[in-house]
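Counting in our numbering, the sequence shown runs from 4 upward without gaps. Scroll down for the structure; my scribbles are underneath it.
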Amino acid sequence: MHVITISNLKGGVGKTSIAFNMAAGLARRSAALSQGGRVLLLDMDPQGNALKGISDTTQWADVESLTSAIADDDLLNIQSIQRRPLRELVRQAPAPWYPTLYFVPFREVTMVEVRRRAAHPDAPALMRNAFDSLRDDFDYVVVDTPPNTDDWLYNIFAATDFIIVPVEMDEDAIQGASRITQQVTARFGRAGRPRIIGYVPNKVVQRRLGDRSALSGLEQLFGELLFPVSIPTSIDIRYSKAIRRDIYAFAPDSPAALAMAQLVEETLRRIKSPIRSAKHGQPAAA
4 MHVITISNLK
14 GGVGKTSIAF
24 NMAAGLARRS
34 AALSQGGRVL
44 LLDMDPQGNA
54 LKGISDTTQW
64 ADVESLTSAI
74 ADDDLLNIQS
84 IQRRPLRELV
94 RQAPAPWYPT
104 LYFVPFREVT
114 MVEVRRRAAH
124 PDAPALMRNA
134 FDSLRDDFDY
144 VVVDTPPNTD
154 DWLYNIFAAT
164 DFIIVPVEMD
174 EDAIQGASRI
184 TQQVTARFGR
194 AGRPRIIGYV
204 PNKVVQRRLG
214 DRSALSGLEQ
224 LFGELLFPVS
234 IPTSIDIRYS
244 KAIRRDIYAF
254 APDSPAALAM
264 AQLVEETLRR
274 IKSPIRSAKH
284 GQPAAA
């Protein structure tokens with residue numbers, strides 16, 4: 004099982020769209036190749052935008068939600084919730100989603116409290132154990148995250164194999180991406196796990212001079228870790244999110260769908276064959 008976390012310390016860069024369509028793209032690929040591999044979209048942002056996209060709600064009962072797998076014992080006792088392994092909480096995405104795509108429900112208000120208690124001494128181990136319980140059941144877990152540097156994000160990273168960083172074409176997003184690199188290196192070292200496997204330019208307008216200049220700067224900053232595919236700004240992505248469908252089903256021939264599909268393929272290639280050099284921050288050691 005490979006855990007792929009989508010993260011940037013700036014909000015609004017398209018983390019949820021990429022996580023959502025990465026998970027759907029992996030499931031779509033598995034179904035098309037008749038491989039039977041299972042993919043889990045795991046929303047770790049208490050706002051639950053990815054969860055809403057796949058299940059239409061964040062108001063699940065606490066007894067059947069992510070909370071019961073990752074909350075500390077004190078909170079479970081306060082909420083009168085029994086601990087359950089994460090693998091028991093997984094649900095298959097409803098039709099017309101791909102049959103190999105799954106999710107884990109949660110209740111937004113309780114997840115806010117779980118995140119608030121992320122500095123609890125048991126929290127990192129609980130997160131790792133929850134993820135580990137999935138290893139026999141899934142090929143890929145794609146994780147959406149909130150745009151903050153805190154213990155919650157570090158706990159997620161500690162259970163992560165690979166990190167993909169979306170970067171919008173503005174200075175704040177680029178700085179947020181750089182901070183991810185620095186903090187992962189400082190917290191977890193330069194080798195092993197988690198490993199940043201790439202930075203993906205997102206919401207790119209190629210005809211815009213500023214965007215082309217930003218892409219050039221990203222190449223200088225991140226070197227080979229910059230994904231060769233850019234995700235264009237697209238009304239199709241916005242509309243597909245609005246009707247709770249992936250970009251491949253909504254607009255299969257659109258530039259956004261084609262770029263997302265290329266991103267999926269390049270991600271799989273980088274997981275199998277690590278990029279060995281980087282000009283900035285954490286090297287991509289295996």
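Don't be surprised by glycine CBs; every beta carbon is placed ideally from N, CA and C. Note that the structure is a prediction, hence the values are computed from the model and not measured.
* Determine the burial state of Ala-287: buried for a count of at least 16 other Cβ atoms within 10 Å of its Cβ, exposed for fewer. => If you number the sequence shown from 1, residue 287 lands on position 284. Note on Ala-287: pLDDT 41, under 50, position unreliable in the model; no value is reported.
Can you find the residues in the same chain that come closer than 6 Å, C-beta to C-beta, to Leu-69, ignoring five residues on each side of it along the sequence? Locating residue 69 in the sequence shown gives position 66, where the first residue counts as 1. Counting only residues of its own chain and dropping the five nearest sequence neighbours on each side, Leu-69 has a CB closer than 6 Å to the CB of Val-107, Phe-109.
Quiz item: If you count every other CB in all the chains shown that lies within 10 Å of the CB of Ile-200, and 16 or more means buried, which is it?
Solution: One-based indexing of the sequence shown puts residue 200 at position 197. By the neighbour-count criterion, in which 16 or more other beta carbons inside 10 Å mark a residue as buried, Ile-200 falls on the buried side.
Have a look at Gly-51, Val-203, Leu-229 and flag the residue whose alpha-carbon is nearest the alpha-carbon of Val-16.
-> The residue given as residue 16 occupies position 13 in the sequence shown. The shortest Cα separation from Val-16 among Gly-51, Val-203, Leu-229 belongs to Val-203.
key: For Glu-171, the first and last residue of its enclosing beta strand (DSSP E)   = As a first step, residue 171 must be located in the sequence shown, where it is residue number 168. Here the beta strand (DSSP E) through Glu-171 covers 165–171.
Requested in this report: Report the three-state DSSP secondary structure of Glu-253 (helix, strand or coil).
Outcome: Counting from one through the sequence shown, the residue named residue 253 turns up at place 250. Per the sequence presented here, residue 253 reads as Phe, with Glu not at that position. Here Phe-253 sits in helix by DSSP.
ask   = Taking three-plus beta-carbon pairs below 8 Å as touching, is the segment 47–60 in contact with the segment 261–272?
value = The answer is no - the segment 261–272 does not touch the segment 47–60, with fewer than three Cβ pairs under 8 Å.
Between Gly-179, Thr-148, Val-187, which lies nearest to Leu-221 when the distance is taken from Cα to Cα?
-> As a first step, residue 221 is located in the sequence shown; it is residue number 218 there, counting from the start. Comparing Cα positions, the closest option is Gly-179.
Please give the ranges of any beta strand (DSSP E) in the segment 192–221, keeping only runs that are unbroken, at least 3 residues long and fully inside the region. The qualifying runs are 198–207.
Next on the checklist: Mapping the DSSP letters down to three states, classify Phe-160 as helix, strand or coil.
Outcome noted: Against the sequence shown, residue 160 aligns to sequence position 157. In the three-state scheme derived from DSSP, where H, G and I count as helix and E and B as strand, Phe-160 is classed as helix.
- Query: So what does DSSP say about Phe-106, is it helix, strand or coil?
  - Reply: For the purposes of this step, residue 106 is taken as residue 103 along the sequence shown, with counting starting at 1. It is a strand residue.
Q.
Pairs of beta-carbons, one from the segment 17–33 and one from the segment 234–254, closer than 8 Å: are there three or more?
A. When C-beta atoms of the segment 17–33 are compared with those of the segment 234–254, three or more pairs fall below 8 Å, so the two segments count as touching.
Next on the checklist: Which of the three DSSP states is assigned to Arg-41 in this structure?
Outcome noted: In the sequence shown, residue 41 corresponds to position 38, counting from 1. Residue state, collapsed to three classes: coil.
Pairwise C-alpha distance: Asp-65 and Met-4
To locate residue 4, count along the sequence shown from 1; it is residue 1. To locate residue 65, count along the sequence shown from 1; it is residue 62. Going from the Cα of Met-4 to the Cα of Asp-65 covers about 26 Å.
Ile-57, buried or exposed, once every other Cβ within 10 Å from all chains shown has been counted against 16:
The residue you call residue 57 lines up with position 54 of the sequence shown. So Ile-57 counts as buried.
Measuring straight from C-alpha to C-alpha, what distance separates Ala-289 and Ile-177? Stepping through the sequence shown from its first residue, residue 289 is reached at position 286. Stepping through the sequence shown from its first residue, residue 177 is reached at position 174. With a pLDDT of 35 at Ala-289, under the threshold of 50, the modelled position of this residue cannot be trusted; read the value that follows with caution. Roughly 25 Å separates the two Cα atoms.
query = So which of Arg-87, Gly-213, Asn-11 has the shortest CA-CA distance to Ser-136?
reply = The sequence position of residue 136 within the sequence shown is 133, counting from 1. Closest option to Ser-136, judged by alpha-carbon separation, among Arg-87, Gly-213, Asn-11: Arg-87.
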